[in-house]
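Colleague: Note that our numbering has the sequence shown beginning at 350, numbered continuously upward.
Even for Gly, the Cβ is constructed at its ideal location relative to N, Cα and C.
After the structure tokens below, expect a handful of questions from me.
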Amino acid sequence: MIKRLIPIKSLCHYITVSVALLSLNSLAGEPIATKYQFDEKDVQWAMEAGDSSVSGQAYIKLEDGSFKGCDGFTVELLPVADYSKERIFATYKSLEQGQILLSQNPPKFTPDPKAFHEFVIKKKCGAGDKFSFENVSAGEYFVMAFIFWKDEAENKMQGGGVMKKITLGKNTDLKVTLKN
Numbered sequence: 350m351i352k353r354l355i356p357i358k359s360l361c362h363y364i365t366v367s368v369a370l371l372s373l374n375s376l377a378g379e380p381i382a383t384k385y386q387f388d389e390k391d392v393q394w395a396m397e398a399g400d401s402s403v404s405g406q407a408y409i410k411l412e413d414g415s416f417k418g419c420d421g422f423t424v425e426l427l428p429v430a431d432y433s434k435e436r437i438f439a440t441y442k443s444l445e446q447g448q449i450l451l452s453q454n455p456p457k458f459t460p461d462p463k464a465f466h467e468f469v470i471k472k473k474c475g476a477g478d479k480f481s482f483e484n485v486s487a488g489e490y491f492v493m494a495f496i497f498w499k500d501e502a503e504n505k506m507q508g509g510g511v512m513k514k515i516t517l518g519k520n521t522d523l524k525v526t527l528k529n
């Protein structure tokens, strides 16, 4: 039998991520049953290489009125389809733009198909709270930034998500700011 040792740093990271995910699940409300089913054919177009780009900055507005930027956090492009529109509206109460904080109890969805998450284009937001997506196919997308961190003083997860719907034409360089 071969025993595999896990470095302490990796183990601490694994435990931190696990605790964060458990915290997010405990903050989420009762699962919402979706009316529409996810169909890969509805969003397959977004996985093809395109000739357009999307770039910009993203911020969430905190309960105290201050803003926190996306530097180091994930920004996503979610192709618009009936299933994604249903989830976006249930979360943000809008199909155009919005934000939700963890303290507002963001919803969970059932079913929550793994394939749905595989059709999301993800990037890390960089310095200056800037993000950029290259070689994107023309179409409609929800641009979302997820800005979550653990408040050590309160021992709980903080932050939330911000979203804006965009329409990307062929050979377009679209600049967008996510900020409510």
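1) Which residue spans inside the region 440 to 505 form an unbroken beta strand (DSSP E) run of at least 3?
2) Use the C-beta contact count for Lys-390: other C-beta atoms within 10 angstroms, 16 or more gives buried, fewer gives exposed.
3) Could I get the ranges of all uninterrupted beta strand (DSSP E) runs contained in the region 378 to 449, with 3 residues as the minimum, in chain order?
4) For Phe-416, I'd like the list of residues in its chain whose CB is within less than 6 angstroms of its CB, leaving aside the five on either flank, ordered along the chain.
5) Quick check: what's the CA-CA separation for Met-512 versus Ile-496?
6) To which residues does DSSP link Lys-513 through a beta bridge?
7) Helix, strand or coil for Val-508? Go by DSSP, reduced to three states.
8) If I'm right that Leu-450 touches Gly-509 with Cβ under 8 angstroms, what's the distance once you round it to whole angstroms?
9) Taking the alpha carbon of Phe-387 as the point to measure from, which residue in Pro-380, Pro-428, Val-424, Ser-401 has its own alpha carbon closest?
10) Quick check: the Cα distance between Ser-401 and Cys-419, rounded to an integer number of angstroms?
11) Among Leu-517, Gly-405, Phe-465, which has the Cα closest to the Cα of Glu-489?
12) Going by alpha carbons, who is nearest to Ile-470 out of Gln-393, Pro-455, Tyr-385, Pro-380?
13) I'd like to know whether the C-beta atoms of Leu-527 and Ala-476 end up nearer to each other than 8 angstroms.
14) Just the C-alpha distance for Gly-399 and Lys-519, rounded to the nearest angstrom, thanks.
15) CB-CB under 6 angstroms to Thr-521, same chain, minus the five flanking residues each way: which ones, in chain order?
16) State the beta-bridge partners of Lys-528 as determined by DSSP.
Modeller: Result, derived from the coordinates:
1) 446 to 450, 457 to 459, 470 to 473, 479 to 485, 488 to 500
2) exposed
3) 380 to 382, 401 to 410, 416 to 418, 423 to 428
4) Tyr-408, Lys-410
5) 12 angstroms
6) Gln-446, Val-492
7) First, the residue type needs correcting, since residue 508 is Gly and not Val in the sequence shown. In this structure, Gly-508 counts as strand in the three-state DSSP scheme.
8) 4 angstroms
9) Pro-428
10) 22 angstroms
11) Leu-517
12) Gln-393
13) no
14) 8 angstroms
15) Ser-401
16) None; Lys-528 has no bridge partner.
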